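Beneath this line is the structure, given in structure tokens, with notes to follow.
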Amino acid sequence: MRKGRAAAILAGLALAVAACGNAPTTSQPSDAPAATEDGGAKTLEGVTLEVAAKWTGEEQKNFEQVLKAFSDKTGAKVTYASTGEDTGAYLGPRIQGGSPPDVAILPQPGLVQQYAQQGALKPLTEDVTKEIDANYTDYWKELGSADGQVYGVLIKAAHKSLVWYRADAFEEAGVQPPTTWDELVTAAQTIADSGTAPFSFCGASGWTLTDLFENVYLSTAGPEKYDQLSKHEIPWTDPSVTEALEKIAQIAGKKEFVAGGSSGALQTDFPTCVTKVYGEKDAAMVIEADFVAVTAEESGAKVGEQAKYFPFPKVGDTTPVVLGGDVAVAMKDSPGAMALLQFLASKEGGEIWAKLPGYLSPNRNVSPDNYPNEMTKQLGQTIVSAGESVRYDMSDLAPSAFGGTDGKGQWKVLQDFLRDPSDVKGAQEALEAEAEKAWK
Amino acid sequence: MAVTERLDGPQDPPVDSTGGPTSGPADTPRPRRRLGPSPTIALLFLLPAALLLGIWVVYPIGYSIVRSLYDSTGGVFVGLENYGTIFSDEGTLRTVRNNLIWVIVAPLVVTTLGLIFAVLTERIRWATAFKLIVFMPMAVSLMAAGVIFRLVYDEDPDKGLANAIMTVVHDTFSSSQGYPDARPREGDESPVAAEEDGAVVTKQPAAAGQPVLIPIVGVKQEVLPADAEPAVAATGGDGLSGTVWFDFTPGGGGVNGQPDATEKGLPGMTVEAVSDGEVAATTTTAADGTFRFDDLPEGSYVVRLPADNFTAAYNGLTWLGPTLITPAIIGAFVWVWAGFAMVLIAAGLAAIPRDALEAARIDGASEWQVFRKITVPLLSPVLLVVFVTMIINTLKVFDLVFIIAPPSVQPEANVIALEMWRVAFGGGNNQGLGSALAVFLLILVLPFMIMNIRRFKRGDS
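Below, the structure is given as structure tokens:
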């Protein structure tokens, strides 16, 4: 780990030196003779690339395998740099300093807009755009674009419309996985009566609360309003928001529904709340995305047996399917960067990745058969078949000051709302005030 | 000091010529000037330091000031608008207010504790060992100290030391035995209801001969006693009787409000028979949940399970909640810096002339008087240095707040230095406002730095 990071830093330094030293006339890759030869073998011999993403641990290892496949194919040397949780905080200074990584994987499309405005991103070449057209629906292409120009490829998706539960807690209480919101509330009451807290909220990680809100909102208000609210075309004081927040208050407002009470939940961060369900068995359900599976397994619960999930229940008329995902962008105008993006956007790259655990591809040509287990296959199928009706995680579309910063914006307001779910109006006004600041 | 004087030497002439020969310092007579190096050599020697200082200190400060006058993109000149934002934005104002709390409380506590430790260690046998222990936190990086205290303040008494101590102390005086979080089932069908204070009472008055059913739900698995037996509906007969049981059939099913075969009684529950607001009799339930009041006068009673059956176990305080977060972090800060203050003050203490203390004692002063009237005044220069250093330290506190405060309360704990980083890099991406905050912080620290430097100079001469 440490060695890898040191190498990444060294590579970064080397690039920085190269960036400072080279006049624009000397472009390094052009003197690689292979570039003029026919495609196929090792066209990028001697090129060094730095890729920055937030993944660590298992996710990092899997991604590095994909990078290795790229290296084997092209001969380019790719180093991985971990940005930590706060990608913006890592990239900001590097952009300012003039030595960004060649390719960055942004956890939010909102960042694509932001960096595109700053001029920190390089538009994708025609080759890459063609690859995107072949493999992605227009909705995904749009997500990686700013002002009509395509900058990014959505390379990894996360299914955020799931509710995970502990099978023996449901059994003990004698309840079945609910399909509607009212059934969910009734089931929660029964589970609470049986002596187990039904929900474990990850209140310290603000994004889990925005995910919950988005699912409820998409279901009650419908996709159109969802799009409007994402762009702040309707205010957060809109009655549709009131309805969604009131629904959330139904499950967050009761003391016996929340494991650890609201103040305990607010100090529980993301993986810990999963451990509370599957490890400490303090609660029955945790509302989060497909990647809960990783932590559930770590806590000793086998996915599919003890750790099960059901689709987020219908609250209103729409069955919500909210996705998150990571967008790869080029921050340097080098052939190596573009080649890597093309590789990641291709069927070939996607299928290498799909065979590894913990990955879902938004690429419609990556067959779900590639996934290593039944659960991922099903999830992959829903993403591909849902097509145009899927919505992207709203908070990730917002400016990061509103939808992606610890202790600020929507994260903070929803945390305060979890602390006191009775104050729907106050929460809406606070959200609107924060939104106005962020969208000005 | 001597070196600078000599380097200053060659630059004296213009001063001398304007002020006349009498104004020159008496101890630097003219002939000594020739002893110093030539101005060129002096410059040559100064150059490396000046260059480094210029690159690493002067230029960044200058650039920050310039940058603070531009907007987030760096392209538009906005004048003092960023400084206006500091005092108009509520979040930023709160950081200023928090910093104020820090500056008022932390240096005072650290200096006082340091003084107490220093004075006391002078008199104990294992002074060095004690000093070593108190000084130890200084060897820990602030980052690590933050991680340690994040754990110390953990809400769960099984993990957090602070709450573990509080629960142990609390439970020594009053322990919780019973069924925390248990409650009657919601809805109108339930024959019992919870009162405001947490007690559970029957909705209908009970009379002798009619068994009372008190179904309870939400009993946690771990509090259900192992000796609980399947619940039995009390038979009628003489006196008032009934059953308190966990009305939940594992796996679902069963009839609500009726003790089913697999449902357990709740033993050890205190039951009161209440008549006109007066407790007429008290009893406890048996292993199968049944209870019986013998020798109860005829009449109509309400059966009540008092609230102390249901009091939740005491779990300490929410240290990392919005109200206690700043005091909690200040506590960590004191832990780190008290040792530093102690060592400095102890050094000052060792330098105090003993005869002054002896003289006071011979004159009949009490120890307290000696401390207050002799020790503290003689120590005051050291105390001031410690105090001012702590003020500077608290003004720029960052790491402890960043690590100890969980994200959900970070705005409540926020301080200027942290906000500066957040605004500039941590998501805000507004380096204009970030620079303005940096300059504001510099202005706050500056007077104290000047004060310290002056003090050091005086101390040297």
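Those protein sequences? They're chains A and B, same order as listed.
Everything in the first sequence is counted per my numbering, starting at 6 for the first residue and increasing by one.
Everything in the second sequence is counted per my numbering, starting at 23 for the first residue and increasing by one.
We put the CB at the ideal spot given by N, CA and C, even for glycine.
Predicted model only: the values in this text are computed from it and were never measured.
### Query
So the alpha helix (DSSP H) residue 168 (chain B) belongs to, where does it begin and stop?
For this step, residue 168 (chain B) is matched to residue 146 along the second sequence. It spans 164–174 - the alpha helix (DSSP H) in which residue 168 (chain B) sits, taken as one unbroken run.
### Query
If you count every other CB in all the chains shown that lies within 10 Å of the CB of residue 438 (chain B), and 16 or more means buried, which is it?
For the purposes of this step, residue 438 (chain B) is taken as the residue at position 416 of the second sequence. Residue 438 (chain B) is buried by the Cβ-count criterion.
### Message
Let me confirm a value: residue 42 (chain A) is counted as buried when at least 16 other C-beta atoms fall within 10 Å, else exposed. Which label applies?
### Response
Residue 42 (chain A) sits at position 37 when you count from the first residue of the first sequence. Unreliable placement is indicated for residue 42 (chain A), whose pLDDT of 38 sits below 50; no coordinate value is reported for it.
### Query
Quick one: complete beta strand (DSSP E) runs, 3+ long, within the segment 318–366 of chain B?
324–327
### Which listed residue (A:305, A:426, A:314) has its alpha carbon closest to that of residue 379 (chain A)
Translated into the one-based positions of the first sequence, residue 379 (chain A) becomes position 374. For residue 379 (chain A), the nearest C-alpha among the options comes from A:314.
### Cβ pair residue 262 (chain B), residue 315 (chain B) closer than 7 Å
Residue mapping note: residue 262 (chain B) aligns to position 240 of the second sequence, counting from 1. Residue mapping note: residue 315 (chain B) aligns to position 293 of the second sequence, counting from 1. Taking 7 Å as the Cβ cut-off, residue 262 (chain B) and residue 315 (chain B) qualify as a contacting pair.
### Message
With a threshold of 7 Å between beta carbons, is residue 411 (chain A) in contact with chain B?
### Response
For this step, residue 411 (chain A) is matched to residue 406 along the first sequence. Yes, its Cβ sits closer than 7 Å to a Cβ of chain B.
### Message
Does residue 295 (chain B) pass the burial test, meaning 16 or more other C-beta atoms within 10 Å, or should it be called exposed?
### Response
Sequence index remark: in the second sequence, residue 295 (chain B) carries index 273 (1-based). Buried: at least 16 other Cβ atoms inside 10 Å.
### Query
List, in order along the chain, the chain A residues whose C-beta lies closer than 8 Å to that of residue 116 (chain B)?
Residue numbering aside, residue 116 (chain B) sits at position 94 when the second sequence is read from its first letter. Those do not exist, as residue 116 (chain B) stays about 11 Å from chain A at its closest Cβ, beyond 8 Å.
### Query
Quick one: is residue 32 (chain A) buried, meaning 16 or more other Cβ sit within 10 Å of its Cβ, or exposed?
As a position in the first sequence, residue 32 (chain A) is number 27, starting the count at 1. For residue 32 (chain A), the pLDDT reaches just 38, beneath the cut-off of 50, and the residue's location in the model is therefore unreliable, although a value from the coordinates is still provided. By the 10 Å Cβ count, residue 32 (chain A) comes out exposed.
### Message
Which residue marks the beginning of the beta strand (DSSP E) containing residue 268 (chain B), and which one marks its end?
### Response
Looking up residue 268 (chain B) in the second sequence gives position 246. That run of the beta strand (DSSP E) goes 262–268.
### Query
Assuming residue 422 (chain B) and residue 173 (chain B) make a contact with CB atoms under 8 Å, what is their CB distance in whole Å?
As a working note, residue 422 (chain B) is residue 400 in the second sequence. As a working note, residue 173 (chain B) is residue 151 in the second sequence. Going by Cβ atoms, the distance from residue 422 (chain B) to residue 173 (chain B) rounds to 14 Å, so no, they are not a contact pair.
### Message
Run through chain A and tell me which residues come within less than 7 Å of residue 242 (chain B), C-beta to C-beta.
### Response
As a first step, residue 242 (chain B) must be located in the second sequence, where it is residue number 220. Per Cβ cutoff of 7 Å: 200.
### Task
Please compile the residues from chain A whose C-beta is within a distance smaller than 8 Å of the C-beta of residue 433 (chain B).
Residue mapping note: residue 433 (chain B) aligns to position 411 of the second sequence, counting from 1. 412, 413, 417, listed in chain order.
### Task
Please state whether DSSP places residue 442 (chain B) in a helix, a strand or coil.
Here residue 442 (chain B) refers to the residue found at position 420 when the second sequence is read from its first residue. Helix at residue 442 (chain B).
### Query
From residue 503 (chain B) to residue 303 (chain B), what distance separates their C-alpha atoms?
Here chain B has residues from 23 to 483 only, and residue 503 (chain B) is not among them.
### Message
Along the segment 327–344 of chain B, where does the CB come closer than 7 Å to a CB of chain A? Name the residues.
### Response
340, 342, 343
#### Entry: Environment of residue 243 (chain B) [buried if 16+ CB atoms lie within 10 Å]
Locating residue 243 (chain B) in the second sequence gives position 221, counting from the first residue. Flag for residue 243 (chain B) reads exposed.
### Query
For the segment 126–133 of chain A against the segment 338–355 of chain A, are there 3 or more C-beta pairs whose distance is under 8 Å?
yes
### Nearest-angstrom beta carbon gap, residue 219 (chain A) and residue 327 (chain A) [assumed within contact, 8 Å]
As a working note, residue 327 (chain A) is residue 322 in the first sequence. As a working note, residue 219 (chain A) is residue 214 in the first sequence. Indeed, because the Cβ distance is near 5 Å, the residues count as touching under 8 Å.
### Query
From residue 231 (chain A) to residue 433 (chain B), what does the alpha carbon distance come to, in whole angstroms?
Taking the first residue of the first sequence as position 1, residue 231 (chain A) is located at position 226. Taking the first residue of the second sequence as position 1, residue 433 (chain B) is located at position 411. Straight-line Cα distance between these residues: approximately 28 Å.
#### Entry: Bridge-paired residues (DSSP) for residue 396 (chain A)
The residue labelled residue 396 (chain A) in the question sits at position 391 within the first sequence. Bridge partners of residue 396 (chain A): A:327.
### Query
Shortest alpha-carbon distance to residue 99 (chain B) belongs to which of B:220, B:152, B:190, B:453?
The sequence position of residue 99 (chain B) within the second sequence is 77, counting from 1. Nearest option by C-alpha distance: B:453.
### Message
Report the start-end ranges of each alpha helix (DSSP H) in the segment 89–138 of chain B that is 4 residues or longer and not cut off at the edges.
### Response
103–110
### Message
With three or more beta-carbon pairs closer than 8 Å as the criterion, would you say the segment 75–94 of chain B touches the segment 383–394 of chain B?
### Response
As far as the Cβ criterion goes, the segment 75–94 of chain B does not touch the segment 383–394 of chain B, which means the pair count is below three.
### Message
Judging by CA-CA distance, which residue of A:223, A:140, A:172 is the nearest neighbour of residue 389 (chain A)?
### Response
In the first sequence, the residue the question calls residue 389 (chain A) occupies position 384. Of the candidates A:223, A:140, A:172, the one whose C-alpha sits nearest the C-alpha of residue 389 (chain A) is A:140.
### Query
If you run the structure through DSSP and keep just helix, strand and coil, what is residue 85 (chain A)?
For the purposes of this step, residue 85 (chain A) is taken as residue 80 along the first sequence, with counting starting at 1. Correct three-state label for residue 85 (chain A): strand.
### N-terminal and C-terminal residue of the alpha helix (DSSP H) that residue 290 (chain A) is part of
Your numbering for residue 290 (chain A) matches position 285 in the first sequence. Element bounds for residue 290 (chain A): not the alpha helix (DSSP H) but the beta strand (DSSP E), 288–291.
### Query
Three or more C-beta pairs closer than 8 Å, one from the segment 389–409 of chain A and one from the segment 205–216 of chain A: is that the case here?
yes
### Task
Could you name each continuous alpha helix (DSSP H) segment of 4 residues or more that falls completely within the segment 222–301 of chain B, going from the start of the chain to the end?
none
### Message
For a contact defined as C-beta to C-beta under 9 Å, what are the partners of residue 447 (chain B) on chain A?
### Response
Start at 1 with the first residue of the second sequence, and residue 447 (chain B) comes out as number 425. By Cβ distance, chain A contributes 91, 93, 94, 95, 97, 98, 101.
### Message
Please report whether the beta-carbon of residue 441 (chain A) lies at a distance below 7 Å from any beta-carbon of chain B.
### Response
One-based indexing of the first sequence puts residue 441 (chain A) at position 436. No, because no Cβ of chain B sits closer than 7 Å to the Cβ of residue 441 (chain A).
### Query
In whole angstroms, what separates the C-alpha of residue 435 (chain A) from that of residue 258 (chain A)?
Sequence index remark: in the first sequence, residue 435 (chain A) carries index 430 (1-based). Sequence index remark: in the first sequence, residue 258 (chain A) carries index 253 (1-based). One C-alpha to the other measures close to 19 Å.
### Task
Please compile the residues from chain A whose C-beta is within a distance smaller than 7 Å of the C-beta of residue 207 (chain B).
Counting from one through the second sequence, the residue named residue 207 (chain B) turns up at place 185. The answer, in chain order, is 198.
### Under 8 Å by beta carbon: chain B residues contacting residue 271 (chain A)
On the first sequence, position 266 is the one that residue 271 (chain A) refers to. Ordered by position in chain B, the residues that pass the 8 Å Cβ test against residue 271 (chain A) are 343, 428, 430, 431.
### Query
What do you reckon, are the CB atoms on residue 245 (chain B) and residue 201 (chain B) nearer than 7 Å?
Start at 1 with the first residue of the second sequence, and residue 245 (chain B) comes out as number 223. Start at 1 with the first residue of the second sequence, and residue 201 (chain B) comes out as number 179. In this structure, residue 201 (chain B) lies closer than 7 Å to residue 245 (chain B) by Cβ.
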